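Residues -21 to -1, 1 to 378 (mature numbering (1 follows the signal peptide of the UniProt record, and there is no 0)) make up the sequence shown, in order. Note that CB positions come from ideal geometry on N, CA and C, so glycine has one too. These figures come from a predicted structure and were not determined experimentally. Input: a single structure, listed below in C-alpha cells.
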Amino acid sequence: MLNKLLVPLIVLFSRASSRTASEKRLDNGVGRTPALGWNSWNQGGCNAASATVVLNTAKAFVDLGLKDLGYTYVNIDDCWSAKQRNSTGHLVADTSKFPKGIDGLAREVHAMGLKLGLYGDAGTQTCALYPGSYGSEQKDADTLAAWGVDYWKFDNCLTEQVYTNKGIKSQQYYPIMRDALLKTGRPILFSICQWGRDEVWTWGGKVGNSWRMSEDIQNNWASVSSIAARAATMYQYAAPGGFNDLDMMELGNGVLTEAEERAHFGLWAIMKSPIIMGTDMTKLKASTLNIIKNKGILAIHQDPLGKAATTFTPKGQPAPVSGKLYRYYAGPLSDGVVVGLVAADGAETLTVNFSDVPGLGAGSFTWTELYSGRNGTGTSVSQRLATHDMAVFKVVTHV
Ligand code: GAL
C-alpha cells in the first residue's frame, strides 16, 4: 500500500526536479568564456565553405601565433552539405568541397590543436536552402558527435511553416537541439543564431553557450556601432557558459578604418561576445593582426569572471541615447576593472575620473591602456582619440 502511494509521488518529484534542472543555465562543459576563432561566412559566404579554406585558416592560426593566444574554433558556415540527405536521412558533406568529409577534416584540424565548428538550422532548410535539422535533431546531433564536431551554430531560417506560424516560439524549439547535443555526451558548443528574436538574451543562457542578439552584422561602422549600442543594454545576461553574441567580426574586410577596427575588437572583447574572425586569415594587414593579437585585451575577453562591461555616465555627461554608441564603458574583472572610452562621434579627448566608475571610487588607481601600453597611477585618466577610436584601460587598485 505504502509503495503504491510512494511510487507516483517519487515520479512526480523527480519530474519536477528535472524540470527545475532544465531551467538552469546550460552547463555542457564548454563555452565557459566567450569563443575565439574564425567562421567562413563574412569572408566569402558559400564560397568560403571548403576544406581548403578551413585548412588554410587553421594553418594561419598556428603560423601567426593566434592559436597560442587562444584562437581555437575554425567554423564552417552555410553551404557545406549536399543539397539532400542520404538514403538513411543523414546529413552528408558536399564531397567536391570536403573531399575527406567533415570527419576527415575534423581529424586534420584536431591534429593542429584546434577545434572544428559547423552550421545548421532549426527549420526545414538553411538560409542558403541546404537541409535543415527540423525533425532530425537527434540524428544530426549524433552525426556531429560521430564526426568530431566541436561547435554547432544553429540558424533560424525556414522555421515559419513548422514553428512560428503555429505560434511556437524559438524558446520552445531551440531546446530540442540543446537536448539532442547533450544526449550525445560530446561537449559541443551550442551557438544560437536566431537574430535576437523572442528576447533571446533573457533565456539564451538556459539553452546555448551564446546567442546572437541582432540581425546580421554588415561591413560598415554604422552596423558595428549600432550592434554594440544595443548589446550594452543586455550586459547582465552574460555569465560563464553563456554570452550575448554580437555577431562575427568584420576586421580585415577593407571598409573599417584602423581606429574602427580597434573599437570593433575592443567593444566585442569587453562585452564578452564571441570573437569569431570573418576574413581571409592568410591576408591580414599588420595593423589588423596587431589588434587581434593584443594579449591584454584577449585576457579581458577570456577573464574567468565572464561579466560583460556596460555603459556608465560620468558626472556632468549626458546619459546614453537608445541605439546610439556611447562613449563610456566599464565592467568588472576577476582582478580589477576594465574601462573603455570610444570616440563615438569624432576625434576628441575623453577623460574619466575613477570616482565615477562603478567598481572603483575614491583614491588612486594604477592603469594601463592596452592598445598603446601607456600606463600610470592617479585618480583619473585622459586620452586623445581619433574618430571612432577606442582606448581600453585595465585599472587595478593602487597599493
Ligand atoms: C544568417 C546568419 C548568418 C549566416 C547566414 C548563412 O541567417 O545570421 O550569420 O550564417 O545565415 O546563410
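Closest residue to residue i among the options (Cα-Cα distance)
i           : options                   : result
E139        : G111, T122, Q117 and P166 : G111
D134        : V128, L108 and Q117       : L108
I206        : D224, A218 and G220       : D224
L212        : A309, I155, N273 and D259 : Contrary to the premise, residue 212 reads as Thr rather than Leu in this sequence. Residue A309 is the option with its Cα nearest to T212.
N219        : G23, L284 and T345        : The question names Asn, but residue 219 is Pro in the sequence shown. Checked all of G23, L284 and T345; the closest Cα to P219 is L284.
G233        : F344, K274 and L263       : L263
K162        : E116, R353, R306 and F222 : E116
T74         : N65, S60 and R64          : S60
V88         : F333, G99, A37 and K46    : A37
G221        : G164, W180, A201 and G231 : W180
residue 381 : D100, K118 and A201       : Outside the shown range of the chain (-21 to 378) lies residue 381, about which nothing can therefore be said.
D119        : Y130, M91 and L160        : L160
I155        : E239, G114 and K132       : G114
A322        : Y305, P337 and G315       : Y305
S301        : D47, A210 and F333        : A210
C172        : R86, K132 and G245        : K132
L45         : Y307, N65 and M91         : M91
Residues of its chain near residue i, where Cβ-Cβ distance is below 7 Å and the 5 sequence neighbours each way are ignored
i    : result
E229 : N21, I196, N198, V203, L235, H243 and G257
R157 : L5, F169, V186 and G187
V32  : S19
K25  : In the sequence on display, residue 25 carries Cys and not Lys. D57, C58 and A107, listed in sequence order.
Q104 : P110, G111, C136 and L137
T376 : F344
Nonlocal neighbours in the same chain, by C-beta distance under 8 Å from residue i, ignoring five residues either side
i     : result
I279  : A248, I249, L312, V317, L349, V371 and K373
R241  : I270, Y350, D368 and M369
G49   : L15, L277 and Q281
G8    : P166
N332  : P293, K294, T358 and S359
A(-1) : Only weak support is given to the placement of A(-1): the predicted model assigns it a pLDDT of 46, under 50, and the question is left unresolved by the model.
Cβ neighbours of residue i in the same chain (closer than 6 Å, five flanking residues each side left out)
i    : result
W174 : R191 and E194
E237 : S266
A30  : F77 and L84
T261 : N35 and A39
G23  : none
K274 : none
Y52  : A14, G16, K94, G96 and Y130
P337 : F291 and A309
Contact under 8 Å by Cβ, residue i with residue j
i           : j    : result
N18         : M227 : yes
N54         : G102 : no
F291        : D324 : no
L97         : I81  : yes
K303        : A208 : yes
L43         : L339 : no
G10         : S189 : yes
residue 418 : L329 : Residue 418 is absent from the structure shown; the chain starts at -21 and stops at 378.
L95         : V41  : no
D177        : Q150 : yes
A326        : A365 : yes
G357        : S343 : yes
A28         : K76  : yes
I255        : A14  : yes
G319        : G245 : yes
Near the ligand GDP: residue i beta-carbon under 7 Å from a heavy atom
i   : result
W20 : The ligand content of the structure shown is limited to the ligand GAL, which means the ligand GDP is not among them.
Which runs of the beta strand (DSSP E) spanning at least 3 residues fall entirely within the region 275 to 362, listed in chain order?
-> 307 to 312, 315 to 321, 327 to 332, 344 to 348 and 354 to 357
Should the region 179 to 186 be regarded as contacting the region 126 to 144, the criterion being three or more beta carbon pairs within less than 8 Å?
-> no
Between the region 56 to 73 and the region 110 to 128, do three or more beta carbon pairs fall short of 8 Å?
-> yes
Would you call the region 291 to 309 and the region 267 to 281 touching, i.e. three or more CB-CB distances under 8 Å?
-> no
Residue ranges of each beta strand (DSSP E) run of no fewer than 3 residues wholly in the region 188 to 226, ordered along the chain?
-> 189 to 191 and 222 to 224
Ranges of the beta strand (DSSP E) found wholly within the region 68 to 130, counting only runs of at least 3 | 94 to 100
Entirely enclosed alpha helix (DSSP H) segments - the region 123 to 167, minimum 4 residues = 149 to 163
Could you name each continuous beta strand (DSSP E) segment of 3 residues or more that falls completely within the region 225 to 260, going from the start of the chain to the end?
-> 254 to 256
Entirely enclosed alpha helix (DSSP H) segments - the region 9 to 53, minimum 4 residues | 20 to 23 and 30 to 42
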